[in-house]
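S.K.: Under this note's numbering, the first residue of the sequence shown is numbered 367, with each subsequent residue one higher. Ideal Cβ placement from N, Cα and C applies to all residues, glycine included. Bear in mind the structure is a predicted one, so any value in this text is a computation, not a measurement.
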Amino acid sequence: MKTIDIRSDTVTKPSPEMRQVIASAEVGDDVLGDDPTVQELERYVADLFEKEASLFVPSGTMGNQVALRSHSHRGWELLCDRECHIVNYEAAAPVIHSGLLVNLISTDRGMITADTVRSLIRPKNIHCPETKMVALENTHNHRGGTILPQDEIVKVRDVCDEFDLVFHLDGARIWNVHAATGTPLPELTRPFHSVSVCLSKGLGAPIGSMILGSAEFIVKCRRNRKIFGGGMRQVGLIAAAGLYAVKNNIGRLVEDHEKARVLAEKLNELEAFDVDLSRVETNIVLLEITTGEPAEALLERMKTVGVLGVQFGPRTIRFVTHMDVTLAECEEAVERISAILQH
Ligand SMILES: *Cc1c(COP(=O)(O)O)cnc(C)c1O
């Protein structure tokens, strides 16, 4: 029985074509600034998003945290959604690396509105922390791969300009927003001072993320990447995979969204589950268990029939579709799950 691994879109393995470009990549020492493949990737991705510059980093976590560090001073207050990756899945990095005070905002689908930002900016006096940064996540992982409203993002930027705040996007899955809505990547990211994007999620590269921003900002990020231990030598081998991924794998993301929709609709038909279909906008499916069985126990049972997901709450399971799982396998997963529910 083939295992159907829909724990995350990070589980994809390099395709034979991608392994070819890895094998033939031209490399140099990127810490000394002469790896041509990394330089090509950094130029290509910056141009793709119409930003001045970009920087290759080993992980999305490093992308976010180097960006935050490069903007901020100790004690600055950062506003972000309560369920955001930057806080919930990055091991307290904003306080450890940057000394940031994080203010977690409750939202429904991950959007912090312009009015909310405005209402949370503290008065300027010696008693109060300085509210200086806002970070959003698009798509929003923990909220179910939801897409943030672009018109509201633009309004948040206006408030940031008015109060001199830095605006960062965790765009690990910004590609999925582009695929789902057709909005060009530069338009999606224009309101932000800095953006991090992942090559190793839906795009299928084995490793790597990019930070995007002004040329001056990226110079600071390059220094902080070194401080964080993220300077890499003949890393063109990996950059070549990233370049292949951005050139070839953006268009196909719509297929992942179709698979997620089918998976969500079929699972929702089962008595044991509730799926909020309005949240299934991209490649993520959140499954609410209605039988009282803990997510952990059900995941164990799913494993026995070769279906892998991850726990996202006491009674919540997350599935993510990706290029290494077919539509037929998603349908098969529902059948296998349905079968274990009978017992
Ligand atoms: C995956 C992900 C990241 C980066 O995670 P790494 O494991 O460090 O690459 C950042 N933000 C979001 C929303 C993610 O889903």
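Using C-beta distances below 7 Å, list every residue in its chain close to residue 546, excluding the 5 sequence neighbours before and after it, in chain order.
M.R.: Position 180 of the sequence shown, counted from the first residue, corresponds to residue 546. The residues are 513, 623, 647 and 648.
S.K.: Where DSSP assigns a beta bridge to residue 503, which residues make up the other side?
M.R.: The residue you call residue 503 lines up with position 137 of the sequence shown. Answer is 536.
S.K.: Counting only runs that start and end within the segment 597 to 682, where is the beta strand (DSSP E) found for 3 or more residues in a row?
M.R.: The qualifying runs are 650 to 655 and 676 to 679.
S.K.: Comparing C-alpha positions only, which one of 372, 383, 367 and 694 sits nearest to residue 613?
M.R.: The residue you call residue 613 lines up with position 247 of the sequence shown. Out of 372, 383, 367 and 694, 383 has the C-alpha closest to the C-alpha of residue 613.
S.K.: Report the start-end ranges of each alpha helix (DSSP H) in the segment 403 to 474 that is 4 residues or longer and not cut off at the edges.
M.R.: With a minimum length of 4 residues, the continuous alpha helix (DSSP H) runs that stay inside the segment 403 to 474 are 426 to 437, 451 to 454 and 459 to 464.
S.K.: Taking the beta strand (DSSP E) that residue 494 falls in, what are its first and last residues?
M.R.: Numbered from 1 along the sequence shown, position 128 holds the residue referred to as residue 494. Residue 494 -> no beta strand (DSSP E), and no H or E assigned at all.
S.K.: Using 8 Å as the threshold, is the C-beta distance between residue 501 and residue 536 below it?
M.R.: In the sequence shown, counting from the first residue as 1, residue 501 sits at position 135. In the sequence shown, counting from the first residue as 1, residue 536 sits at position 170. A contact, by the Cβ cut-off of 8 Å.
S.K.: Taking the alpha carbon of residue 444 as the point to measure from, which residue in 472, 424 and 499 has its own alpha carbon closest?
M.R.: In the sequence shown, the residue the question calls residue 444 occupies position 78. Minimum Cα distance to residue 444 is reached at 499.
S.K.: So, under 8 Å CB-CB, residue 569 and residue 507 are touching, yes? Tell me the CB distance rounded to an integer number of Å.
M.R.: What you label residue 569 is simply residue 203 of the sequence shown in a count that begins at 1. What you label residue 507 is simply residue 141 of the sequence shown in a count that begins at 1. With 8 Å as the limit, residue 569 and residue 507 do not qualify as a contact, their Cβ atoms being about 16 Å apart.
S.K.: How is the beta strand (DSSP E) around residue 485 delimited, first residue to last?
M.R.: By one-based count along the sequence shown, residue 485 stands at place 119. Where residue 485 is concerned, there is no enclosing beta strand (DSSP E), although the alpha helix (DSSP H) it sits in stretches over 480 to 486.
S.K.: Assuming contact is defined by CB atoms lying nearer than 8 Å, are residue 618 and residue 668 in contact in what I supplied?
M.R.: Here residue 618 is taken as the residue at index 252 of the sequence shown, counted from 1. Here residue 668 is taken as the residue at index 302 of the sequence shown, counted from 1. Their beta carbons are not under 8 Å apart, which means residue 618 does not touch residue 668 by this criterion.
S.K.: Consult DSSP for residue 387 and reduce its assignment to one of helix, strand or coil.
M.R.: Numbered from 1 along the sequence shown, position 21 holds the residue referred to as residue 387. Note: residue 387 maps to helix in three-state DSSP.
S.K.: Does DSSP classify residue 549 as helix, strand or coil?
M.R.: By one-based count along the sequence shown, residue 549 stands at place 183. Reduced to three states, the DSSP call for residue 549 is coil.
S.K.: Residue 367: buried (16+ other C-beta within 10 angstroms of its C-beta) or exposed?
M.R.: Here the question's residue 367 lines up with position 1 in the sequence shown. Per the 10 Å Cβ criterion, exposed.
S.K.: Measuring only the C-alpha atoms, how far is residue 478 from residue 665?
M.R.: Here residue 478 refers to the residue found at position 112 when the sequence shown is read from its first residue. Here residue 665 refers to the residue found at position 299 when the sequence shown is read from its first residue. Their Cα atoms are separated by approximately 32 Å.
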